[in-house]
Amino acid sequence: AKNAGRNTVRFFDPAMQLAASARAEMEVDLRKALQEEQLVLYYQPVVTANGAITGVEALVRWMHPVKGMVSPGEFIPLAEQTGLILPLGQWVLEAACAQLVAWSADPHTQRLSVAVNVSARQFRHPDFSTHILDLLRTTGANPYRLKLELTESLLLTDFEEAVLKMSELRSIGVSFSLDDFGTGYSSLAYLKRLPLDQLKIDQSFVRDVLTDPNDAAIARTILSLAKSMDLGVVAEGVETAGQRDFLLAAGCHAFQGYFFGRPVPVEQLQLRPL
Ligand code: C2E
Ligand code: CA
Ligand code: CA
Ligand code: CA
702 AKNAGRNTVR FFDPAMQLAA SARAEMEVDL RKALQEEQLV LYYQPVVTAN GAITGVEALV
762 RWMHPVKGMV SPGEFIPLAE QTGLILPLGQ WVLEAACAQL VAWSADPHTQ RLSVAVNVSA
822 RQFRHPDFST HILDLLRTTG ANPYRLKLEL TESLLLTDFE EAVLKMSELR SIGVSFSLDD
882 FGTGYSSLAY LKRLPLDQLK IDQSFVRDVL TDPNDAAIAR TILSLAKSMD LGVVAEGVET
942 AGQRDFLLAA GCHAFQGYFF GRPVPVEQLQ LRPL
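Going by the UniProt record's numbering, the first residue of the sequence shown is number 702, and it counts up by one from there.
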């Protein structure tokens, strides 16, 4: 009852009103951002233990004319709520495919993969697979270089439908990663039935992997699970050599994090060859 009372008070809080109008303003701005090309893809390298780049993750940024660079944590949830995630997600996929095509001409870059984050609403759209197939066909991007990152909660809402969509795209070469792995609720039985290629160890387990025995145990468990299921693993949020060394010793061979490189515009990527 105490909680309910608190919620009722918060509902009429003027600060909430302000938040609502700020959100409405952001929605208008975001619509404009899509029309006026204020979105940019940043790329973070995915590397081997010695730092050689094997691919990148595309991370969207909004170059707001007044606010400057806005991070996706601030506008992706709003885009999800409003449905703007559909055109936004399509824009991200188009830009990522264009990058793959640009890289395909050069032997130094033609083997790089690009991982794209897919939101729940985007993935659940009935034409999701068709849109990707069309995009690959019209851009000429190599499907084997495109990775799609999905989250557990997204997959569990309509499991059978998700399996169908993934299988269809995998049959032409697109691969799938389970993002933020370990933070969701998927059972091992479900995991086994998903047509996945890779798990991404969530950065919350990597952060304290050297000092928190629970996180160390979780990281090890994910790595051995992945091995037994024949899945690749990328450790996210690797910020120190110590974390890298621990994960490497535990059997991890792909890394992402500030230790190796922050997300940057494509011109600033350090394309150290394998
Ligand atoms: P994510 O997919 O889990 O992406 C990883 C996030 O961790 C990125 O934040 C990245 O900049 C950050 N990161 C990478 N290495 C490190 C590290 O060593 N330490 C720390 N502390 N952080 C690190 P970012 O770019 O702000 O993106 C946040 C989230 O927004 C992403 O989380 C993803 O869920 C979402 N997102 C980003 N781009 C897109 C997109 O194009 N479409 C959709 N649907 N979601 C996106
Ligand atoms: Ca991701
Ligand atoms: Ca992640
Ligand atoms: Ca995340």
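Ideal Cβ positions, reconstructed from N, Cα and C, are used throughout, including at glycine.
Item checked: Stretch pair the region 760-772 + the region 836-853: three plus CB contacts closer than 8 Å -> no
| message | Let me check understanding here. Comparing Cα to Cα, which of 785, 791 and 758 lies closest to residue 830? | response | 791
What's the call for residue 1013, buried or exposed, on a 16-neighbour Cβ count within 10 Å? Residue 1013 lies beyond the residue range present for the chain, which begins at 702 and ends at 975; the question has no answer from this structure.
*How close, in whole Å, do the beta carbons of residue 934 and residue 960 come, if the pair is a contact with beta carbons under 8 Å?*
About 17 Å; that fails the 8 Å criterion.
Margin query: Alpha carbons only, please: which of 937, 964, 801 and 922 is nearest the one belonging to residue 951?
Written below: 922
Considering only their Cβ atoms, is the gap separating residue 914 from residue 874 smaller than 8 Å? no
*What's the gap between the Cα of residue 708 and the Cα of residue 896?*
Because the pLDDT of residue 708 is 48, which lies under 50, any placement of that residue in the model is unreliable, and the question is left without a value.
Practice item. Compare the beta carbon distance of residue 879 and residue 851 with 8 Å and say whether it is the shorter of the two. Key: yes
- Going by other Cβ atoms of all chains shown within 10 Å of its Cβ, with 16 needed for buried, is residue 724 buried or exposed? exposed
ask   = First and last residue of the beta strand (DSSP E) that includes residue 802?
value = Where residue 802 is concerned, there is no enclosing beta strand (DSSP E), although the alpha helix (DSSP H) it sits in stretches over 786-805.
Grouping DSSP H, G and I as helix and E and B as strand, with all else coil, what is residue 742? strand
Notebook entry, point to check: Can we count residue 820 as close to ligand 1, meaning its CB is less than 7 Å from some heavy atom?
Noted result: yes
Helix, strand or coil for residue 671 per DSSP? The structure shown has nothing for residue 671, since the chain only spans 702 to 975.
*Report the three-state DSSP secondary structure of residue 730 (helix, strand or coil).*
helix
#### Entry: C-beta contact flag for residue 932 and residue 899 at 8 Å
yes
Check your understanding: Thinking just about the alpha-carbon of each residue, which of 806, 814, 802 and 849 is nearest to the one in residue 820?
Key -> 849
*Go through its chain and collect everything with a Cβ distance to residue 779's Cβ below 8 Å, but skip five positions before and after it.*
724, 727, 728, 731 and 785
- request: Could you tell me whether the Cβ atoms of residue 763 and residue 740 are closer together than 8 Å?
  value: yes
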